[in-house]
Ligand SMILES: Cc1cc2nc3c(=O)[nH]c(=O)nc-3n(C[C@H](O)[C@H](O)[C@H](O)COP(=O)(O)O)c2cc1C
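Numbering (this note's numbering), first residue to last: 191 to 521.
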């Protein structure tokens with residue numbers, strides 16, 4: 191305790207570049223311990239998060255405009271194998287976790303049946319998984335996979351009230367060829383400028399690209415395999431590192447993240463479809479995108495938002511949410 195106090199008071203007197211180095215080292219220590227790529231299946235939470243990610247790849251695969259005939263079989267087979275491993279390792283502790291991925295796989299099997307695809311091996315291993323986990327496939331009623339959405343309905347809901355706006359916003363993975371108008375984008379940017387920020391510094395910026403530039407950024411982002419050519423506009427949200435002081439080295443990510451979420455909701459409100467696309471990558475990948483697309487080095491990329499004019503009828507990933515009791519704790 192005393193040693194720690196001495197260390198902190200010494201640290202506060204060090205030159206800022208040294209303090210930053212220590213800060214990065216502290217973050218490095220936590221990365222090594224808690225990052226989900228390390229010792230994944232030895233930790234139930236890490237295993238759950240990575241399974242949710244694999245589960246999402248299946249539901250998002252069903253939500254793109256053109257799925258390849260019989261798509262996704264290797265991924266679904268791998269997911270089932272890992273879910274069975276989860277059941278063996280952690281089924282006693284948290285069996286309920288399996289319900290959502292199992293529901294997604296059931297939706298995937300139905301999707302393939304509708305497409306006249308026979309997948310007996312997957313169905314067999316799915317039956318084994320359900321037996322081992324104690325679920326009867328016919329009792330699985332959780333809404334998972336994809337649903338149909340109509341542009342008109344979503345736009346009406348978005349304008350109705352705040353609750354309906356939040357419930358009707360979904361990530362959309364394909365759009366009409368018509369580009370979204372600058373007037374509508376400006377309306378959304380104006381609304382998003384109401385975002386609170388630390389000391390009202392408003393250090394966010396956006397870089398907006400259309401057509402081939404949008405496709406190319408999304409190709410480089412690499413999180414929209416199979417649909418980047420269907421997103422004809424993208425907004426890169428950044429935050430300016432010059433806006434923040436020595437004691438708040440990560441504040442740009444907080445302010446930029448708040449702004450990005452408000453912009454997503456504002457785009458929905460003005461009637462456009464959108465999808466958040468990750469910028470949570472290693473520095474070299476982000477630097478490459480920034481260099482290619484004229485984004486200054488002092489800005490950190492927070493999020494890419496794919497934007498478009500919604501098709502009259504769409505397939506939308508349901509992206510089932512966890513119960514709030516799992517993610518919130520009153521102290
Ligand atoms: C930070 C962030 C990064 C994301 N990156 C991707 C991505 O690279 N590819 C993708 O298809 N979806 C991406 N998404 C969309 C999520 O899959 C989606 O928000 C989630 O499944 C919840 O669904 P909803 O947006 O329809 O409510 C991302 C979302 C966020 C918030």
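Where a beta carbon is used, it is the ideal one built from N, C-alpha and C, also for glycine.
query                                                                                                                  : result
Spatial neighbours of residue 206 in its chain, beta-carbon cut-off 7 Å, leaving aside the 5 residues before and after : 436
Counted within 10 angstroms of its Cβ, other Cβ atoms place residue 294 as buried (16 or more) or exposed              : buried
Residue span of the beta strand (DSSP E) that contains residue 423, given as start and end                             : 423-430
Distance between beta carbons of residue 298 and residue 262, contact taken as under 8 Å                               : 7 Å
Spatial distance of residue 391 from residue 198 (CA atoms)                                                            : 28 Å
Best match in 447, 455, 463 for proximity to residue 470 [C-alpha to C-alpha]                                          : 447
Neighbour-count burial assignment, residue 442, 16 or more Cβ in a 10 Å radius                                         : buried
Local Cβ density within 10 Å of residue 241, reported as buried at 16 or more and exposed below that                   : buried
Spatially closest choice to residue 253 from 278, 388, 414, by CA coordinates                                          : 414
Complete alpha helix (DSSP H) runs within the stretch 384-418 (minimum length 4 residues, chain order)                 : 401-411
Whole-angstrom distance between residue 397 and residue 426, CA atom to CA atom                                        : 5 Å
beta-carbon residue 318 near ligand 2 non-hydrogen atom, thresh 8 Å                                                    : Although ligand 2 was asked about, the structure shown includes only ligand 1 as ligands.
Backbone secondary structure at residue 463 - three-state DSSP                                                         : strand
Per DSSP, the bridge partner or partners of residue 497                                                                : 423, 464
Counted within 10 angstroms of its Cβ, other Cβ atoms place residue 277 as buried (16 or more) or exposed              : buried
C-alpha gap between residue 429 and residue 200, whole angstroms                                                       : 31 Å
Residue 358 and residue 344 closer than 9 Å at C-beta                                                                  : yes
Residue 498, buried or exposed, once every other Cβ within 10 Å from all chains shown has been counted against 16      : buried
Contact check, residue 485 vs residue 464, beta carbons under 9 Å                                                      : no
Minimum C-alpha distance to residue 332 - residue among 296, 245, 384, 493                                             : 296
Local conformation of residue 208 per DSSP, three classes                                                              : helix
Near ligand 1: residue 359 beta-carbon under 8 Å from a heavy atom                                                     : yes
Residue interval of the beta strand (DSSP E) (run including residue 337)                                               : 336-340
Residues near residue 454 by beta carbon distance below 8 Å, same chain, minus five either side                        : 359, 464, 466, 495
Identified DSSP bridge partners for residue 504                                                                        : 339
Rounded C-alpha distance that separates residue 418 from residue 405                                                   : 6 Å
Residue(s) in a DSSP beta bridge with residue 489                                                                      : 430
Euclidean distance between Cα positions of residue 309 and residue 367                                                 : 34 Å
Closest Cα partner of residue 334 within the set 355, 423, 288, 501                                                    : 288
Under 9 Å between C-beta atoms of residue 507 and residue 336                                                          : yes
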